[in-house]
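**Q** Questions regarding the structure given below will be posed in turn.
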Amino acid sequence: MTRSFEGDRVEIDRRFAASLVAHAFFSTFPRRTVKTHPTLQDFNFAGHFFQHLNRRSQRAKLRSILHYFQRLNERPPEGHVTFARQYSRIILFIHDDEANTVSITLHVI
Numbered sequence: 001m002t003r004s005f006e007g008d009r010v011e012i013d014r015r016f017a018a019s020l021v022a023h024a025f026f027s028t029f030p031r032r033t034v035k036t037h038p039t040l041q042d043f044n045f046a047g048h049f050f051q052h053l054n055r056r057s058q059r060a061k062l063r064s065i066l067h068y069f070q071r072l073n074e075r076p077p078e079g080h081v082t083f084a085r086q087y088s089r090i091i092l093f094i095h096d097d098e099a100n101t102v103s104i105t106l107h108v109i
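Oh and the sequence shown: position 23 is 23 in the UniProt record's numbering, straight run, nothing missing.
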């Protein structure tokens with residue numbers, strides 16, 4: 001488990017990534033709730049995506065996803081996908097008119 005102020009990276013097989021997208025699209029994952037997973041959102045598409053197919057933008061997204069699955073069928077994915085998390089610490093010094101200095105440390109993840 002990565003600590004909150006550390007960088008990390010995860011590499012997964014492209015076929016596994018495609019499988020995750022397919023399962024999310026067809027909503028086969030168990031539903032997450034605030035009670036069961038207080039810090040994670042629901043990973044399934046069905047909740048909000050399909051409710052708004054009357055919008056042109058949502059239909060375009062649906063066409064893109066279906067095109068993605070069609071391309072996977074034509075040529076299975078090879079290789080890996082890498083997800084990286086980077087961490088930077090920034091220290092700001094703020095000066096006011098009375099020569100007082102305040103330093104603020106920002107953590108950017």
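Quick reminder that beta carbons are idealized off the backbone N, C-alpha and C, glycines included.
These numbers were taken from a predicted model, which means no experiment stands behind them.
Determine contact between the stretch 66–83 and the stretch 16–23, defined as no fewer than three beta-carbon pairs at a distance below 8 Å.
**A** In short, these stretches touch, since the Cβ pair count reaches three.
**Q** If I follow the unbroken alpha helix (DSSP H) through A18, where does it start and stop?
**A** Taking the first residue of the sequence shown as position 1, residue 18 is located at position 18. From DSSP, the alpha helix (DSSP H) with A18 extends over 14–25.
**Q** Sort A46, R56, P77 by Cα distance to T28 and report the nearest one.
**A** Taking the first residue of the sequence shown as position 1, residue 28 is located at position 28. Selected option, being the one with the closest Cα: A46.
**Q** Does DSSP put F83 in a helix, a strand or coil?
**A** Numbered from 1 along the sequence shown, position 83 holds the residue referred to as residue 83. Looking at F83 - three-state DSSP - the assignment turns out to be strand.
**Q** From A84 to Q51, what does the alpha carbon distance come to, in whole angstroms?
**A** The residue given as residue 84 occupies position 84 in the sequence shown. The residue given as residue 51 occupies position 51 in the sequence shown. Going from the Cα of A84 to the Cα of Q51 covers about 32 Å.
**Q** What span of residues does the beta strand (DSSP E) with R31 cover, start to end?
**A** Taking the sequence shown and counting its residues from 1, one reaches residue 31 at position 31. Looking at the DSSP string, R31 is not in any beta strand (DSSP E), and its letter there is neither H nor E.
**Q** For D42, which beta-bridge partners are listed by DSSP?
**A** Here residue 42 refers to the residue found at position 42 when the sequence shown is read from its first residue. In DSSP, D42 forms no bridge with anything.
**Q** Looking at A24 and V44, is the spacing between their C-beta atoms short of 8 Å?
**A** Position 44 of the sequence shown, counting from 1, holds the residue named residue 44. Position 24 of the sequence shown, counting from 1, holds the residue named residue 24. The residue asked about is misnamed: residue 44 is Asn in this sequence, not Val. In contact: N44 and A24 (Cβ atoms closer than 8 Å).
**Q** How would you write the range of the alpha helix (DSSP H) that E74 sits in, first residue to last?
**A** Position 74 of the sequence shown, counted from the start, is the residue given in the question as residue 74. Unbroken alpha helix (DSSP H) run through E74: 56–74.
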